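Numbering (the numbering used here), first residue to last: 2 to 172.
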Amino acid sequence: MRTTATLNPNFSIRFATSDDAALVIEYMKKLGEYQKMADEITATESDIRQLLAEKRGEAVFGIYNGEVCGFVYFCQKSSAFTGRAGLYIDGFLVDDKYRHLGLGKIMMGFMCRLALDRGCKMLEWGCLDWNAPAIDFYRKLGAYSIDEMTIFRFSPEHLVKNAALFDAAKA
Numbered sequence: 002m003r004t005t006a007t008l009n010p011n012f013s014i015r016f017a018t019s020d021d022a023a024l025v026i027e028y029m030k031k032l033g034e035y036q037k038m039a040d041e042i043t044a045t046e047s048d049i050r051q052l053l054a055e056k057r058g059e060a061v062f063g064i065y066n067g068e069v070c071g072f073v074y075f076c077q078k079s080s081a082f083t084g085r086a087g088l089y090i091d092g093f094l095v096d097d098k099y100r101h102l103g104l105g106k107i108m109m110g111f112m113c114r115l116a117l118d119r120g121c122k123m124l125e126w127g128c129l130d131w132n133a134p135a136i137d138f139y140r141k142l143g144a145y146s147i148d149e150m151t152i153f154r155f156s157p158e159h160l161v162k163n164a165a166l167f168d169a170a171k172a
């Protein structure tokens, strides 16, 4: 377990292992509740364990006075548009009782350092447009939004359906 000390002597950050899959799920469920999207969290402990084990996803936990108080779940990404590699944050949450202690700022700083250390030139994430406290937090750190873009996604069922179109064309 890799742990990193921070300028706050009561706070450290540690990388998740595949054995932390249940804790990642716990934090994703907390995030889903906060975002009013709890029913959208369908990942299982087995799913997350596999993603972490295969390094298709990574997570870090914030530890304050020995207690887990937040997490970041992220993965590698790249952009043919900008020609840059980066990290994409898929989940970021600091527990309510630990907010306003500067821990989220430290965690975001850690993610920026990690991105730079890995040769990345961007760190990216999404934020729901109604989440004014988070938007304010990100903007105070210097983040900007790409408002003219809508993110699209295929569900597993639509992946299969659309792949079948390709398969039929090959036959």
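Yeah, the Cβ is synthetic: ideal placement off N, Cα and C, and Gly gets one too.
Bear in mind that the values here come from a model prediction, so they are computed numbers and not experimental data.
Check	Outcome
Along the chain, where does the beta strand (DSSP E) that runs through Ser80 open and close?	68-80
Would you mind stating whether Arg114 and Gln77 have Cβ atoms separated by less than 9 Å?	no
Contact check, Ala22 vs Leu53 under 8 Å by CB: the rounded distance?	6 Å
Using a Cβ distance threshold of 8 Å, determine whether the segment 93-113 contacts the segment 61-70, with at least three qualifying pairs required.	yes
Quick check: the segment 57-67 against the segment 12-21, are at least 3 beta-carbon pairs closer than 8 Å?	yes
In whole angstroms, give me the CA-to-CA distance for Lys37 and Lys30.	10 Å
Please list, in chain order, all residues of the same chain as Val161 whose beta carbon is under 7 Å from its beta carbon, the five residues on each side excluded.	none
Return helix, strand or coil for Gly143, following the three-state DSSP convention.	coil
Going by the CB atoms, is the gap between Gly87 and Ala44 shorter than 9 Å?	no
Which residue from Pro134, Ile26, Leu124 puts its Cα closest to that of Asp1?	Residue 1 cannot be examined here, being either before or after the span of the chain that is shown, 2 to 172.
When you compare each of Pro157, Glu125, Tyr145 to Ile90 by their alpha carbons, which one comes out closest?	Glu125
Residues in its own chain within less than 6 Å of Ser79 by CB, not counting five upstream and five downstream?	Ala86
So, is Gly58 buried or exposed, given that buried needs 16 or more other C-beta atoms within 10 angstroms?	buried
Kindly indicate the opening and closing residues of the alpha helix (DSSP H) around Met109.	104-118
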